[in-house]
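Position 47, counted from 1, in the sequence shown is what the working numbering calls 58; the numbers after and before it change by one each time, with no gaps.
Below: one structure, written as structure tokens.
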Amino acid sequence: MPEGPAPAPVIQRLRVRYAKRGRLRFTSHRDISRAVERAVRRAGIPVAFSAGFTPHPKISYTGAAATGVASEAEYLEIGLTETRDPARVRADLDAALPDGLDIVDVVAAGQAKTSALADRLEASEWRVRLDGVRETDAAGAVAAFLDAPTIEVERLTKKGRRRFDVRAAVSALEVETLAPEPDRRAAEAADVPCAILRMVVRHTTPAVRPDDILTGLRQVADPAPPSPPLVTRLAQGPLDAVTGELADPLELDRGTRPGRETVPPSGDDAVTARGPAPTQSDPAAGADVAGARS
Numbered sequence: 012m013p014e015g016p017a018p019a020p021v022i023q024r025l026r027v028r029y030a031k032r033g034r035l036r037f038t039s040h041r042d043i044s045r046a047v048e049r050a051v052r053r054a055g056i057p058v059a060f061s062a063g064f065t066p067h068p069k070i071s072y073t074g075a076a077a078t079g080v081a082s083e084a085e086y087l088e089i090g091l092t093e094t095r096d097p098a099r100v101r102a103d104l105d106a107a108l109p110d111g112l113d114i115v116d117v118v119a120a121g122q123a124k125t126s127a128l129a130d131r132l133e134a135s136e137w138r139v140r141l142d143g144v145r146e147t148d149a150a151g152a153v154a155a156f157l158d159a160p161t162i163e164v165e166r167l168t169k170k171g172r173r174r175f176d177v178r179a180a181v182s183a184l185e186v187e188t189l190a191p192e193p194d195r196r197a198a199e200a201a202d203v204p205c206a207i208l209r210m211v212v213r214h215t216t217p218a219v220r221p222d223d224i225l226t227g228l229r230q231v232a233d234p235a236p237p238s239p240p241l242v243t244r245l246a247q248g249p250l251d252a253v254t255g256e257l258a259d260p261l262e263l264d265r266g267t268r269p270g271r272e273t274v275p276p277s278g279d280d281a282v283t284a285r286g287p288a289p290t291q292s293d294p295a296a297g298a299d300v301a302g303a304r305s
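Rendered as structure tokens:
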């Protein structure tokens, strides 16, 4: 059977940071990828396609957060057949996506010598809200966790049940003081305790997730919340072994093009890597990814 024409080559690669907020945190990764593909078409972005009988747009994801987890730092890469201004792509793509999938930053990938984006994502910073847990109880559990040399948990994986050490993956774990929320009634604030955990977790194999850390905390203490925790990824990137802080994984790409500035986020997109987490909301979010902003 004769082959069709070869697809247009990739001329430019754009690396995109996006956020998954509000009800969209309940949306599966497959539905999010479909929403991104629709948005790329609506925005008129000249995406490249793979060869073969069923060509697919050259959009790759790395380090995607699990369903039910909010995130301020998800990453994807798009291959384009034409050169486009990253700032313009950011604005057009953000306008074509549904509310809750928000484009935070877009940069052009550097030269071939720069590392792959996936290789730069060495760790994640997480914020875990535990409603119904007192800060003092959470602090005691955190102290016991950090004092333990190893903490093994068991989880069902694709290869069956597996035990692994979660303590070694934790670079930082602390209890944050809860700031007052303007939309929370005074009675709720007075009657319902709440603890906020901040953790930096290395990307390991098998992957250690925030719920694995909570399982480990329950082994050394018992800070089990009466309601499901609200988990938000705040950042991903290279981990500084000295400071324990995460760097911006896109900074290397910006550095290859001196003098070029990116357009700063505005409105709902102006959320830093340590910004506020989305509020917990209705899980009926599947249909939301089908619509775009009006």
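Don't be surprised by glycine CBs; every beta carbon is placed ideally from N, CA and C.
Closest option to serine 44, judged by alpha-carbon separation, among Ala134, Tyr29 and Pro57: Tyr29. Straight-line spacing of the CA atoms in glutamate 262 and aspartate 202 works out to 44 Å. Cα atoms of alanine 46 and leucine 108: separation of roughly 7 Å, rounded to the nearest angstrom. Secondary structure within the stretch 82-161: the alpha helix (DSSP H) runs of 4 or more consecutive residues, fully enclosed, are 97-107, 128-131 and 146-158 (chain order). Remark: C-beta atoms of aspartate 103 and aspartate 113 do not approach each other more closely than 9 Å.
At the C-beta level, valine 51 and isoleucine 70 come within 9 Å of one another. Note that the C-beta distance between arginine 138 and arginine 209 is below 9 Å. Looking at the DSSP output, threonine 168 bridges to Gly171. The beta carbons of arginine 166 and threonine 243 sit no closer together than 9 Å. Assignment of beta-bridge partners to phenylalanine 60 by DSSP yields Pro68. For proline 249, the closest of Ala127, Val231, Glu83 and Glu133 by C-alpha to C-alpha distance is Glu133. The C-alpha of proline 57 lies about 25 Å from the C-alpha of proline 260. In the assembly as shown, lysine 169 is an exposed residue. Its beta-carbon has fewer than 16 other beta-carbons within 10 Å. Under the DSSP definition of a beta bridge, glutamate 163 partners with Asp176. The shortest CA-to-CA distance from proline 20 to any of Pro236, Phe37, Gly90 and Thr38 is the one to Gly90. Between serine 135 and glycine 74, the CB-CB gap stays under 9 Å.
In the DSSP annotation of this structure, the continuous segment of the alpha helix (DSSP H) that includes arginine 45 starts and ends at 40-53. Glycine 248 carries a strand assignment under DSSP once its states are collapsed to helix, strand and coil. Looking at the backbone, the Cα of valine 118 and that of valine 100 are separated by about 9 Å.
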